[in-house]
Structures are given as structure tokens and as C-alpha cells.
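Below you'll find the structure, written out as C-alpha cells, and then a few comments.
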Amino acid sequence: RYRILNNLINEKLMLQQAKLKKIKVSRKQIGEFIGQVEKQNGMLKGNMAKLLNKNNMDTLTYERQVEAKIAWGQIIRNKLAKSGELDEENINAQIRLIRNYKGRPEYLVAEIFISFDAGRSDLKEQQLVNRLYQQIKDGTPFGQVARSFSESASAARNGNVGWIREDQLDPNLAKIISNLQRDELSVPVKAPDGYYILLLKNKRLAHGLILGETLVSIQQILLPLKNNAAKSEVQAQLTLAQSISRSVQNCKDMEALEKEIGIPKTGKILGVKLSNLLPSIRKATQNLDIGKASNPIRSKAGILILMVCSRTFDEDEEKARRRVAQYISQRRAELISRRELLDLRRSAFIETRE
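For the sequence shown, my numbering assigns the number 188 to the initial residue and increments by one for each residue that follows.
Listed below in C-alpha cells is the structure:
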């Protein structure tokens with residue numbers, strides 16, 4: 188109920204602000220936005236309306252939400268443009284930060300953010316975030332809670348923020364994150380702008396400035412299984428795969444073991460683009476430390492064990508600079524959006540009936 192009410196208030200404020208600034212959203216823009224959502228979710232054109240009807244949701248209400256998103260996006264883009272061009276020094280400073288941070292810890296984080304007004308009691312927000320924390324501890328998926336309640340832009344991505352450095356976080360949040368274990372959930376944390384629940388999904392040492400495409404060389408061992416293999420066969424191969432993963436220390440160990448086992452379709456993949464790998468292999472290797480065996484992966488052909496032997500990057504300074512510029516712009520837009528909406532809520536008279 189809180190999330191629904193909060194969304195309705197935000198939509199109303201966004202549309203009022205758009206009207207004040209004479210920003211109009213056409214039916215064509217709404218249709219194109221819905222078309223993009225359908226495409227991203229693998230839906231046929233026009234199926235969104237059917238899905239809404241199936242779930243007893245009003246099409247006009249959804250279109251109003253879309254209108255508010257488009258209008259607000261235009262407001263933020265205008266604000267971003269007025270804040271000044273992103274100059275070369277901004278980009279250079281960010282690149283220096285990234286390069287200087289190479290070899291230091293960075294964290295793959297998901298968040299749930301509940302804002303509060305610093306000028307009044309935050310008891311309701313505190314109670315809400317504690318309730319959400321308990322729901323997750325009781326088994327509700329983190330992404331589901333983030334989509335439904337988080338007020339951050341990351342809510343649309345199941346709360347996923349991506350890889351971040353400690354210096355990109357509020358000091359209280361950085362301290363919490365650095366002490367979490369992989370897949371561990373933080374207790375609710377109070378920051379200057381609201382409450383956070385953080386999930387540490389992974390951690391690694393920063394690669395520094397990544398130039399272009401990631402190229403990897405991978406050593407692999409495939410323990411074959413037939414499609415109709417009995418459960419006992421699958422379990423036996425899985426146990427062997429787990430034993431191999433624990434015992435090998437580097438790619439030479441993997442190579443020696445491959446020769447010893449003598450299994451076809453086992454060997455080395457040299458200098459392949461990460462983006463060209465099968466999704467399951469890409470997912471298993473993109474954040475895997477060099478010289479560390481992956482967990483066993485079930486495939487159609489059997490059980491696969493992977494190890495990254497090297498990781499390099501196509502050198503393209505200009506692409507890297509564009510990527511950094513895009514990151515800075517996105518961060519600015521998110522900060523402006525959050526600040527503007529918070530200012531609107533503070534200045535508005537909001538009356539709700541129980």
C-alpha cells in the first residue's frame with residue numbers, strides 16, 4: 188500500500204511539474220515507450236494491453252504512469268543540460284580515479300532505498316524498511332521487494348546498482364559493504380537521504396580502466412553425460428567435477444588433468460570476446476578470478492568446469508572515454524532526479540485519507 192500511494196503521489200507531482208514547464212507527451216511517445224517495454228520483455232506488439240487486462244489492471248492508469256515517466260525524463264534532461272556541458276576535465280578526473288583504484292576492492296551491489304524528509308520524523312520509513320528487511324530474511328526475493336518498494340532508479344533493475352567503489356558510497360554505507368560476505372544482506376542502514384538495505388552479490392579487485400571489449404582465454408574440462416543419463420550418473424559426474432574444482436590451482440593443472448582424462452571437446456578457448464561466449468559461459472567467467480576454477484556448470488553435453496587463464500582488453504581509448512562520460516551523465520541525472528522529486532514533495536501539500 189505504501190509503495191502504491193508513494194507512486195501515485197510521485198506521478199501526480201511529476202505531471203504537475205511537466206504542466207508547469209509546458210512539457211507535453213504525445214500519444215505517439217506513449218505508444219513508442221510501451222513498444223520498447225514489450226520488445227525488452229520479448230513480447231509481441233500490442234501484448235502489453237492483453238497482459239494488463241489479464242491481471243485486471245487499468246490500461247489508462249498504466250499509460251498515465253508512462254506519461255509521467257516520459258515527462259519527468261524530459262524535465263531531468265533539461266536540468267542536466269542547464270547544469271553545464273560535461274567537459275574533458277570531468278572525464279579525465281573520473282578516469283584518474285578509476286586508474287588509481289586498480290587492484291583495490293570493488294563491490295557488486297543491489298540496493299533498496301526508502302527516502303525520508305530530513306525536516307520531519309522518519310518513524311514510518313524506519314518501520315517500513317525494517318518490515319522489508321524481515322520479508323527478505325523470511326524468503327521474499329530481494330529483487331521483488333526492490334521492484335515494489337525501492338525509490339532508487341535501480342528499482343527497475345531489481346535493485347541492481349552494478350560494480351561500485353568504496354569512494355562512490357556514503358561512508359556509513361561503504362563501511363557496511365566492506366564487511367559483508369558474498370550474498371550477505373545488510374541490516375537497514377540510515378544515510379543522510381534515507382534508509383538503505385544492501386545486498387553484496389560479489390566482490391573483486393578493480394580492473395582499472397577497461398578499454399573496449401574484454402578478451403578471455405579459458406581452459407575447460409567437460410565431463411560428458413547423455414541426455415537420458417540416470418540420476419546416479421549425473422551425481423557421480425557432479426561429485427567428480429566438484430573434486431576437480433577444488434583441486435586445480437591454475438590453468439597448467441587444468442591442462443594436465445585434461446590430458447590425463449583424455450576427454451574430447453575439452454581444451455582451451457583462446458582470446459575470445461566475452462560477448463561472443465554462450466550466456467551460461469559468459470555469466471560463469473565474466474567475474475571469475477584468473478586461475479580459479481568455476482563451480483560445475485550443467486550443460487546439454489554434460490558438466491563443465493571453466494578457468495580463466497588470461498583477461499585482456501581491446502585498446503580503444505575513445506570508447507572508454509565515451510563510456511565514462513555516459514556513466515557520469517547517468518549519475519548526475521539520478522542525483523538531479525532524486526533531489527528534484529524530494530524538493531517537490533517537501534514543498535507540496537499532500538493530504539492522504541486513511
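We treat Cβ as the ideally placed atom computed from N, Cα and C, and that holds for glycine.
Backbone secondary structure at residue i - three-state DSSP
{"i": "A417", "result": "coil"}
{"i": "T499", "result": "strand"}
{"i": "D358", "result": "The amino acid at residue 358 is misidentified as Asp; the sequence shows Pro. Helix at P358."}
{"i": "A535", "result": "coil"}
{"i": "Q368", "result": "coil"}
{"i": "Y288", "result": "coil"}
{"i": "T248", "result": "helix"}
{"i": "M230", "result": "coil"}
{"i": "F300", "result": "strand"}
{"i": "A343", "result": "helix"}
{"i": "R509", "result": "helix"}
{"i": "A236", "result": "helix"}
{"i": "R485", "result": "strand"}
{"i": "E293", "result": "strand"}
{"i": "L475", "result": "coil"}
{"i": "L491", "result": "strand"}
Cβ neighbours of residue i in the same chain (closer than 6 Å, five flanking residues each side left out)
{"i": "L457", "result": "S404"}
{"i": "K266", "result": "I523"}
{"i": "E386", "result": "The amino acid at residue 386 is misidentified as Glu; the sequence shows Leu. Within the same chain, L386 has close Cβ partners A297, F329 and L372."}
{"i": "G381", "result": "F300, I301, S302 and F303"}
{"i": "W259", "result": "M201"}
{"i": "K413", "result": "none"}
Start and end residues, alpha helix (DSSP H) containing residue i
{"i": "Q313", "result": "L310 to K324"}
{"i": "A471", "result": "P466 to T472"}
{"i": "K390", "result": "That residue, K390, is in no alpha helix (DSSP H); its beta strand (DSSP E) goes G381 to L392."}
{"i": "S335", "result": "F329 to F336"}
Presumed contact (8 Å Cβ cut-off) between residue i and residue j, rounded CB distance
{"i": "I301", "j": "E254", "result": "Their Cβ separation, rounded to whole angstroms, is 25 Å, which puts I301 and E254 out of contact at 8 Å."}
{"i": "I492", "j": "S481", "result": "6 Å"}
{"i": "A393", "j": "R352", "result": "7 Å"}
{"i": "K390", "j": "Y294", "result": "5 Å"}
{"i": "V495", "j": "L464", "result": "Wrong, their Cβ atoms sit about 11 Å apart, outside the cutoff."}
{"i": "I535", "j": "I263", "result": "The question names Ile, yet the displayed sequence has Ala at residue 535. No, A535 and I263 are not in contact; Cβ-Cβ is about 18 Å, not under 8 Å."}
Neighbourhood of residue i by C-beta, 8 Å cutoff - its chain only, sequence neighbours within 5 removed
{"i": "I257", "result": "V212, Q216, I217 and F220"}
{"i": "D440", "result": "S434"}
{"i": "L461", "result": "E400, T401, L402, V403, R469, T472 and Q473"}
{"i": "L360", "result": "V376, A378, Y383 and L385"}
{"i": "I477", "result": "V495, C496, S497 and R498"}
{"i": "S270", "result": "R519 and I523"}
{"i": "R334", "result": "A342, A343, N345 and G346"}
{"i": "I515", "result": "L273, N277, I278 and Q281"}
Range covered by the beta strand (DSSP E) that runs through residue i
{"i": "I448", "result": "I448 -> not in any beta strand (DSSP E); alpha helix (DSSP H) instead, spanning C438 to I448."}
{"i": "E348", "result": "The amino acid at residue 348 is misidentified as Glu; the sequence shows Val. N347 to R352 is the span of the beta strand (DSSP E), which, as asked, contains V348."}
{"i": "I210", "result": "No beta strand (DSSP E) contains I210, which DSSP labels as neither H nor E."}
{"i": "S404", "result": "T401 to P411"}
{"i": "V376", "result": "V376 to A378"}
{"i": "L457", "result": "G454 to K460"}
Cut-off 7 Å between Cβ atoms - residues of its own chain near residue i, not counting five sequence neighbours on either side
{"i": "L531", "result": "L200 and Q204"}
{"i": "K487", "result": "none"}
{"i": "Y320", "result": "V374, P375 and I384"}
{"i": "E442", "result": "Q406"}
{"i": "S339", "result": "E298 and F300"}
**OP:** Please confirm if the segment 511-521 is in contact with the segment 275-282, defined as three or more CB-CB distances below 8 Å between the two stretches.
**Re:** Using a C-beta cut-off of 8 Å, the segment 511-521 makes contact with the segment 275-282, since at least three inter-stretch Cβ pairs fall below that distance.
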